[in-house]
Amino acid sequence: MLNKRHLPSITALQCFEAVTRHLSFTRAAEELNLTQSAVSKQVAQLEELLQHLLFRRVRRRLQMTPAGDLYLVEVRKILTQVEMSTHYLRSYGGETEVLRVSTPSTFGARWLVPRLKGWRLRHPHIHLDLCNEQEADDLLQGRSDLAFYFGQGSRPGTECLKLFGEELVPVCAPGSLPEQPFTDPTQLSDLVLLQNASRPQAWHDWFDSQGYQTEHSYHGPRFETFYMCIRAAQVGCGVALLPRFLVEEELADGKLVIPWQHAMPSSDAYYLAYPEHSAEVPKVRDFVAWMLEQIDSPNT
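All letters in the sequence shown, in the order written, are residues 139 to 438 by our numbering.
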């Protein structure tokens with residue numbers, strides 16, 4: 139592991155990044171309000187630390203070396219993260235608490251976000267930080283305070299609150315339907331079965347639940363998220379098998395239709411989880427209470 143003497147300063151990284159944009163030590167110095175010699179010295183020290191030249195002069199013009207190009211990608215990531223973290227911390231007052239909540243991306247956008255309206259008014263000192271990272275140990279490693287997930291209600295070291303189940307229905311764009319109605323569900327494969335990467339068995343199980351089998355259950359373009367499947371179905375790429383609650387709006391608006399009326403209940407459900415030791419933490423308790431209100435609301 140590098141010791142402190144082997145770690146470049148933020149100033150050195152800023153000087154390097156500025157020079158890459160201007161390809162001039164003088165203009166980089168003007169931008170950073172430093173002297174030209176100071177910028178040149180910072181870059182030279184960086185090259186000495188890295189043991190690679192980052193720039194070379196060709197016909198009195200500055201050019202980046204392959205090592206410089208490679209290093210620039212990483213440096214920009216570092217500087218961007220430092221800037222974001224600084225703005226992030228400055229955006230909160232001394233009384234503000236941050237509540238980190240992880241959620242599946244489509245679930246978060248379609249179900250969770252609409253149910254956060256009014257949260258800020260009731261809890262002005264709790265700042266929500268939503269992300270769609272879904273690592274299994276996010277909660278126990280402290281990267282999230284709460285996590286929404288789909289599966290079974292058992293995660294070691296956590297309290298898991300069941301929210302609701304789901305049923306899967308096939309949906310497609312109205313224009314994708316043939317003139318003659320389908321007479322059996324396997325004919326849906328003529329429209330192209332859109333696959334979701336997180337539910338590779340879904341179409342097979344849906345057909346099987348009706349006593350049908352088709353060699354096309356696993357065939358078709360594969361999408362990482364439900365949202366991608368929704369959009370693909372809307373634009374006529376094929377038929378998607380989706381949780382009904384995620385497409386209620388499109389079904390009501392007529393942007394999507396159900397080509398075969400069979401809904402398959404999932405054996406899993408949606409849960410809200412948090413570490414056992416956080417059960418009495420006020421911000422966690424407040425969020426759990428808020429979610430229970432949303433579940434109990436007649437409009438949910």
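Backbone N, C-alpha and C define an ideal beta-carbon position, used for all residues, glycine too.
Computed from a predicted structure; not experimentally measured.
Cut-off 8 Å between Cβ atoms - residues of its own chain near residue i, not counting five sequence neighbours on either side
i      : result
Glu386 : none
Glu233 : The predicted model places Glu233 with a pLDDT of 48, which falls under 50 and marks its position as unreliable; any figure quoted below should be read in that light. Cβ neighbours of Glu233 beyond the five flanking positions: His263.
Phe345 : Pro323, Thr324, Gln351, Thr352 and Ser355
Pro359 : Val330, Leu332, Gln333, Ala370, Cys375 and Gly376
Gln348 : Pro323 and His400
Residue i: first and last residue of the uninterrupted beta strand (DSSP E) it sits in
i      : result
Glu297 : Thr296 to Phe302
Glu305 : Glu305 to Val309
Tyr287 : Leu284 to Gly289
Asp267 : Ile264 to Cys269
Lys199 : Rather than Lys, the amino acid found at residue 199 in this sequence is Arg. Start and end: Arg199 to Met202.
Gly235 : First, the amino acid is wrong: residue 235 is Glu here, not Gly. First-last of the beta strand (DSSP E) with Glu235: Glu235 to Ser240.
DSSP three-state assignment for residue i, whether helix, strand or coil
i      : result
Arg194 : strand
Asp406 : coil
Val419 : coil
Ile396 : coil
Met139 : The predicted position of Met139 is uncertain, since its pLDDT is 48 and thus under 50; no value can be drawn from it.
Ala335 : coil
Cys375 : coil
Glu362 : coil
Met429 : helix
Tyr356 : coil
Leu145 : coil
Pro316 : coil
Gly232 : Unreliable positioning characterises Gly232 in this predicted model, as indicated by a pLDDT of 49, which lies under 50. The coordinate reading is nonetheless provided below. Looking at Gly232 - three-state DSSP - the assignment turns out to be coil, as it is neither helix nor strand.
C-beta contact flag for residue i and residue j at 9 Å
i      : j      : result
Ser240 : Asn270 : yes
Phe245 : Phe288 : yes
Glu388 : Gln372 : yes
Leu331 : Val377 : yes
Thr158 : Gln174 : no
Cys298 : Leu410 : yes
Gly374 : Ala311 : yes
Leu306 : Ala401 : yes
Thr296 : Tyr408 : no
Ala150 : Ala166 : no
Pro381 : Ser405 : no
Ser314 : His357 : no
Arg238 : Arg199 : no
Limits of the unbroken alpha helix (DSSP H) element including residue i
i      : result
Cys153 : Ile148 to His160
His342 : Ala340 to Asp346
Gln174 : Gln174 to Leu188
Arg258 : Trp257 to Arg260
Glu169 : Phe163 to Leu170
Leu389 : Glu386 to Asp391
Selection from the options that minimises the alpha carbon distance to residue i
i      : options                           : result
Leu192 : Leu200, Ala205, Arg198 and Gln180 : Ala205
Leu268 : Leu284, Arg260, Leu145 and His261 : Leu284
His342 : Thr352, Ala335 and Ala167         : Thr352
Gln318 : Trp398, Leu410, Ala247 and Leu172 : Trp398
Val309 : Leu187, Glu186 and Phe383         : Phe383
Leu266 : Ser243, Leu200, Val236 and Gly295 : Val236
Cys367 : Gly349, Arg281 and Ser336         : Ser336
Val220 : Trp257, Ser178, His261 and Ser147 : Ser147
Leu161 : Thr149, Arg194, Glu186 and Ala150 : Arg194
Lys300 : Pro403, Arg260, Gly313 and Phe286 : Phe286
Pro294 : Glu304, Leu277 and Ser405         : Leu277
Tyr365 : Arg248, Ile216 and Met202         : Arg248
His144 : Ser243, Thr203, Leu188 and Gly291 : Leu188
Pro420 : Leu250, His225, His261 and Gly291 : His261
Lys179 : Gln279, His225, Val196 and Gln152 : Gln152
Cβ neighbours of residue i in the same chain (closer than 6 Å, five flanking residues each side left out)
i      : result
Ala340 : Leu379
His415 : none
Any non-hydrogen atom of the ligand FMN within 8 Å of residue i CB
i      : result
Ala371 : Looking for the ligand FMN in the displayed structure turns up nothing, as the structure carries no ligands at all.
Sequence-distant residues of the same chain with beta carbon closer than 7 Å to residue i, five excluded per side
i      : result
Phe154 : Val181, Leu184, Leu192 and Val213
Val211 : none
Ser435 : none
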